[in-house]
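A short write-up of the structure that comes next.
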Amino acid sequence: MSAVSTPGSGSIAEPIPIRIPVREILPWAIFIALLAVVLLYFVGAEEGATSLISGHYVHEYVHDARHLLGFPCH
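The opening residue of the sequence shown carries number 1 in UniProt numbering; numbering runs sequentially from there.
Right, dumping it as structure tokens:
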């Protein structure tokens, strides 16, 4: 007898794809997009006239990320 299994013999379970509805993904996608925009603002534009937080604390905290992403700051 042969120990080789043939396709459809039931020895190996095939994974069943899980479908996730768009309406369940959409709130998370919007949340992540807003979070990314806020992060981009603080890394790229939080200084000078457009500053929401006074002082240079945020600027100094994200200074290296600013250079890594190509934003000029000095």
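Even glycine gets a Cβ: it sits at the ideal position worked out from N, Cα and C.
Residue i, enclosing alpha helix (DSSP H) - first and last residue
| i | result |
| --- | --- |
| residue 13 | No alpha helix (DSSP H) contains residue 13, which DSSP labels as neither H nor E. |
| residue 23 | 22-44 |
| residue 69 | It is not in any alpha helix (DSSP H) - residue 69 carries neither H nor E in the DSSP assignment. |
| residue 58 | 57-61 |
Where residue i falls, given that 16 or more other Cβ within 10 Å makes a residue buried
| i | result |
| --- | --- |
| residue 23 | exposed |
| residue 66 | buried |
Alpha-carbon to alpha-carbon, residue j and residue i
| i | j | result |
| --- | --- | --- |
| residue 37 | residue 30 | 11 Å |
| residue 62 | residue 34 | 18 Å |
Beta-carbon proximity list for residue i, same chain, < 8 Å, skipping 5 on both sides
| i | result |
| --- | --- |
| residue 100 | Since the first and last residues shown for the chain are 1 and 74, residue 100 lies out of range. |
| residue 26 | none |
Contacts around residue i, its chain only, beta-carbon distance under 6 Å, and the 5 residues preceding and following it disregarded
| i | result |
| --- | --- |
| residue 15 | none |
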